[in-house]
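Residue numbers 1 to 550, in full-length UniProt numbering, belong to the letters of the sequence shown in order.
Note that beta-carbon positions come from the ideal geometry of N, C-alpha and C, so glycine has one too.
Keep in mind it's a predicted model, so treat the numbers as computed, not measured.
As structure tokens, the structure follows; a few thoughts come after it.
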Amino acid sequence: GVEVRLKKTPPLQVQRPPNHGSARDRLNVLRKNIRKEQDAGRCLVLDKSLLEQWPEIVISPFGVVEKGDENADTAGRTIHDLSFPEGTSINDCTDQDSIIKPDYAHCDAVASEILRLKRENTGARICVMACDVASAFRNIGIHSNSVYLFAGHIEEDDVIVLELAAPFGWTGSPGFYEIAGGAIAHTHGSHTNGVSPTGFFNYHWVDDHINVAADIGTACDDMDRSLRFAIVSVLGADAINTKKFTNWDTRQRVLGLEFDSIAELVSMPAAKVEKARRIVAAAHTAPTLSRKAYRSLMGSLRHVATCIRAARPFLQRLHQRESRLHRFQSVTVTDDMRQDLLWWWLVLHTPHLNGVSLEYFNTLPPPDIVVEMDASNYGMCALDAASQQALTYQFSGPERSLIAEFKNGEPNGFNINFRELLSSNPSFSTKFASLTPGWLQVSPAIDIQGLTDIWLRISELTPLPTPRLTNAIKRAAIKTGKDPRHFGSHSLRTGGATHMYRSGTDALTIQFHGRWMSDAFKTYTRLCKESVATLFASMVSGSRGDSTLH
């Protein structure tokens with residue numbers, strides 16, 4: 001079994017924590033699940049008086065959550081809250097470096113496989129089948145030296161429960177299960193037939209396994225038998241549950257999404273959309289949201305945004321609040337949040353927005369033109385390296401005032417993300433057009449070839465020699481009428497040097513700390529805010545002699 005490595009020892013519990021309200025309210029479901037695990041040999045149920053002999057046992061609270069579409073009064077999933085209490089919980093004490101980090105492929109692999117089979121088997125039905133391994137993490141045993149860390153209790157029955165298998169709630173369960181899940185996928189993918197001579201498609205996500213096959217001859221049955229064999233060979237016959245295997249169909253639910261091989265579409269199931277509507281409506285009318293309610297809201301909206309792309313921009317402000325969540329604190333629903341939730345409500349009631357083609361699911365068509373856009377406190381710049389074109393715009397006085405007000409805490413929305421998006425605003429497009437006739441030519445005052453070469457070198461992720469960068473900067477200075485002796489380059493370094501400089505650290509220490517690649521820049525010039533502002537404004541505006549870009 002898995003032996004848990006600890007970075008610190010959990011403290012002895014003077015008082016055992018009670019179970020969560022969900023477990024107390026659905027005590028019948030908790031008892032049912034514990035008895036099932038006891039019958040399967042995956043837990044021990046002992047008299048609570050044994051805690052006097054084993055004081056080192058760590059009790060963590062149980063909870064019960066909904067399980068799919070099953071009746072919540074009679075069914076549910078037992079969660080062992082190993083993150084309680086914060087700071088001294090089992091998850092906090094577990095050495096994270098000792099845990100395997102699973103690396104799953106995105107489910108767009110299913111979409112790609114459907115399209116590949118359609119191209120190679122013209123006219124054939126492309127079918128999808130899904131299954132998941134019974135009991136998932138519970139197939140992974142816990143070493144006898146570590147079972148004392150995974151205990152719970154049922155206070156109403158005066159019993160303690162010792163987990164003998166990886167519980168739902170432990171931070172290490174997904175990673176250690178992936179050893180078995182990956183072995184199943186590998187075994188399944190090693191099998192072949194006439195339709196799949198190089199091996200079966202073997203996509204999996206945790207305990208969910210997906211088959212995709214062209215309905216030709218016995219191809220579908222071959223893949224079905226192969227997956228069952230792989231599960232039994234790795235985890236045994238108890239890991240097979242025929243109810244967990246779907247039929248082969250051209251329209252199949254995969255990880256909560258519906259894949260349609262005929263319409264070539266990925267969409268959100270109607271039940272998921274309806275659930276999201278209820279959650280959004282409840283959040284819109286609530287004055288505050290608990291951490292559980294907020295996470296439920298964000299989880300549902302992120303899932304919906306997978307297929308309803310138009311709703312993604314309205315996640316940003318809601319996501320900002322997510323970092324402030326605390327177990328015992330609520331988040332105030334602000335007017336800005338309600339505005340975004342109102343947009344979500346409208347999007348969720350627009351059916352034709354639901355769906356993404358298989359071809360563009362989690363990817364986009366290759367762009368015709370790539371324009372690199374950036375903004376600062378003083379202006380915007382766009383660079384089209386492929387056609388060697390550049391464009392700049394210097395913010396006006398009122399615009400810079402809005403930026404300054406935002407940086408001082410005024411919630412006017414004029415942040416860096418908004419500034420970068422201004423280039424697509426019609427009013428700014430007009431201003432850009434006044435600076436350049438048709439985006440066709442480049443001002444001779446700008447060394448666009450040098451800038452393009454530098455940009456391409458950076459894009460290729462190859463080291464950029466300091467002399468080449470220095471020469472490009474000096475050439476640009478000459479073209480804009482500046483003294484090239486006043487310009488140089490800064491060696492590549494890790495972050496933090498500026499903060500060290502401001503705190504009074506000497507330049508040599510900063511150089512060693514930052515692992516600089518050369519001695520191109522050692523002297524820090526002490527600039528006041530006014531000098532920095534003037535320098536930035538000069539960099540954005542360019543030459544005073546010819547400020548128009550063509």
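To which residues does DSSP link residue i through a beta bridge?
{"i": "N377", "result": "Answer is none; N377 lacks a bridge partner."}
{"i": "H209", "result": "C131, H204"}
{"i": "H326", "result": "DSSP lists no partner for H326."}
{"i": "A481", "result": "At residue 481 the sequence reads Gly, which differs from the Ala that was named. G481 pairs with nothing; no bridge assigned."}
{"i": "T332", "result": "T288"}
{"i": "Q389", "result": "D384"}
{"i": "residue 571", "result": "No statement about residue 571 is possible, as the shown extent of the chain runs from 1 to 550 and does not include it."}
{"i": "residue 553", "result": "With the chain covering only 1 through 550, there is no way to say anything about residue 553."}
{"i": "E372", "result": "L383"}
{"i": "S357", "result": "L265"}
{"i": "I142", "result": "V2"}
{"i": "A214", "result": "I126"}
{"i": "Q394", "result": "G379"}
How far does the beta strand (DSSP E) with residue i in it extend, from its first residue to its last?
{"i": "G63", "result": "62-65"}
{"i": "S190", "result": "Careful: S190 lies outside any beta strand (DSSP E) and carries neither H nor E."}
{"i": "E258", "result": "257-260"}
{"i": "L265", "result": "265-267"}
Using the Cβ count rule (16 or more neighbours within 10 Å means buried), how would you classify residue i?
{"i": "T122", "result": "exposed"}
{"i": "F328", "result": "exposed"}
{"i": "V14", "result": "exposed"}
{"i": "R278", "result": "exposed"}
{"i": "Y378", "result": "buried"}
{"i": "G236", "result": "exposed"}
{"i": "P11", "result": "exposed"}
{"i": "T144", "result": "The sequence shown places Ser at residue 144, not Thr. Exposed, because fewer than 16 other Cβ atoms sit within 10 Å of the Cβ of S144."}
{"i": "W54", "result": "exposed"}
{"i": "E66", "result": "exposed"}
{"i": "E70", "result": "exposed"}
{"i": "S226", "result": "buried"}
{"i": "V389", "result": "Here residue 389 turns out to be Gln, not Val, going by the sequence shown. Per the 10 Å Cβ criterion, buried."}
{"i": "Y177", "result": "buried"}
{"i": "S267", "result": "buried"}
{"i": "S173", "result": "buried"}
{"i": "P61", "result": "buried"}
{"i": "T78", "result": "buried"}
{"i": "N241", "result": "exposed"}
{"i": "Y393", "result": "buried"}
What are the start and end residues of the alpha helix (DSSP H) that includes residue i?
{"i": "C93", "result": "90-93"}
{"i": "M486", "result": "Per the sequence shown, the amino acid found at residue 486 is His instead of Met. No alpha helix (DSSP H) contains H486, which DSSP labels as neither H nor E."}
{"i": "E37", "result": "27-39"}
{"i": "R228", "result": "219-235"}
{"i": "E399", "result": "397-407"}
{"i": "A111", "result": "108-120"}
Spatial neighbours of residue i within its chain, please: C-beta separation below 6 Å, excluding the five flanking residues on both sides.
{"i": "P167", "result": "H80, F150"}
{"i": "R321", "result": "V331"}
{"i": "V45", "result": "Q38, V159, V161"}
{"i": "G194", "result": "none"}
{"i": "T74", "result": "none"}
{"i": "A23", "result": "L30, F62, G63, V64"}
By Cβ distance, which residues of its chain are closer than 7 Å to residue i, with the 5 residues on each side in sequence left out?
{"i": "L353", "result": "I308, A310, V347"}
{"i": "D208", "result": "A130, D132, L255"}
{"i": "M223", "result": "F200, N211, A213"}
{"i": "A305", "result": "A311, R312, L315"}
{"i": "N362", "result": "H106, D108"}
{"i": "Y104", "result": "W205"}
{"i": "G181", "result": "H204, V206, D207"}
Go through its chain and collect everything with a Cβ distance to residue i's Cβ below 8 Å, but skip five positions before and after it.
{"i": "Y148", "result": "W54, E56, I57, V58, L162"}
{"i": "L325", "result": "R291, Y294, R295, V331"}
{"i": "T88", "result": "P10, P11"}
Residue ranges of each beta strand (DSSP E) run of no fewer than 3 residues wholly in the region 41-87, ordered along the chain? For the region 41-87, the full-length beta strand (DSSP E) segments reaching 3 residues or more read 43-47, 62-65, 77-80 along the chain.
Please give the ranges of any beta strand (DSSP E) in the UniProt region "Disordered" (1-23), keeping only runs that are unbroken, at least 3 residues long and fully inside the region. Within the UniProt region "Disordered" (1-23), no run of beta strand (DSSP E) at least 3 residues long lies entirely inside it.
Segments of 4+ residues assigned as alpha helix (DSSP H) that fall wholly inside the region 302-326: The alpha helix (DSSP H) runs lying completely inside the region 302-326 and spanning 4 residues or more are 316-322, given in chain order.
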